[in-house]
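With the first letter of the sequence shown counted as 1, position 73 gets the number 73 in UniProt numbering; the numbers rise by one all the way through. Note sheet for the following structure.
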Amino acid sequence: DDGPYKWISPGDTKVMVEHGELVMGILCKKTLGTSAGSLLHICMLELGHEVCGRFYGNIQTVINTWLLLEGHSIGIGDTIADPQTYLEIQKAIKKAKEDVIEVIQKAHNMELEPTPGNTLRQTFENQVNRILNDARDKT
Numbered sequence: 001d002d003g004p005y006k007w008i009s010p011g012d013t014k015v016m017v018e019h020g021e022l023v024m025g026i027l028c029k030k031t032l033g034t035s036a037g038s039l040l041h042i043c044m045l046e047l048g049h050e051v052c053g054r055f056y057g058n059i060q061t062v063i064n065t066w067l068l069l070e071g072h073s074i075g076i077g078d079t080i081a082d083p084q085t086y087l088e089i090q091k092a093i094k095k096a097k098e099d100v101i102e103v104i105q106k107a108h109n110m111e112l113e114p115t116p117g118n119t120l121r122q123t124f125e126n127q128v129n130r131i132l133n134d135a136r137d138k139t
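Written out as structure tokens, the structure is:
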């Protein structure tokens, strides 16, 4: 491709923001989401809650302005998943439930090892949150 973005590969997974400017990468659901390592998580850890809150407020302003200018509409049919998608969602939820039950059983059987720098309770909570966040992101 000879376009202006030929240096961005389709699999570009690195995101770099310097002084509030997106230098490289693609902002998608995964990078803007709520899981560990997301832009929100990094912003909160490095800059604090006030800057992070302003940042997400500014993102929402940009999105609202874009929606006003572009004018999109959806119908009720756009919100209903097709049967194949519904099955995939059910599989992901079932797998997440099984994984959470496995972590709970490990905790009850004293087989759960605390991760470095965390208590056993924090490790348990982190593992369950990771499983549930991954399931949410997949669905």
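Backbone N, C-alpha and C fix where the C-beta goes; we use that ideal spot for every residue, glycine too. Predicted model, so just to flag it, every value in this text is computed and none were measured.
Asked                                                                                                                                                      : Found
Can leucine 132 and alanine 96 be called in contact, C-beta distance under 8 angstroms?                                                                    : yes
What does DSSP give as the partner residues of glutamate 21 in its beta bridges?                                                                           : Glu18
Note the first and the last residue of the continuous alpha helix (DSSP H) segment covering cysteine 43.                                                   : 39–47
Looking at the unbroken alpha helix (DSSP H) that takes in glutamate 111, where does it start and where does it end?                                       : Looking at the DSSP string, glutamate 111 is not in any alpha helix (DSSP H), and its letter there is neither H nor E.
Under a Cβ-count criterion, where at least 16 other Cβ atoms within 10 Å of its own Cβ denotes burial, should leucine 39 be classed as buried or exposed?  : buried
Thinking C-alpha only, which one of Gly20, Leu22, Ser35 and Gly25 is nearest aspartate 134?                                                                : Ser35
Could you round the C-beta distance between valine 103 and valine 62 to whole angstroms and report it? I think they count as a contact, below 8 angstroms. : Not a contact, Cβ separation roughly 38 angstroms.
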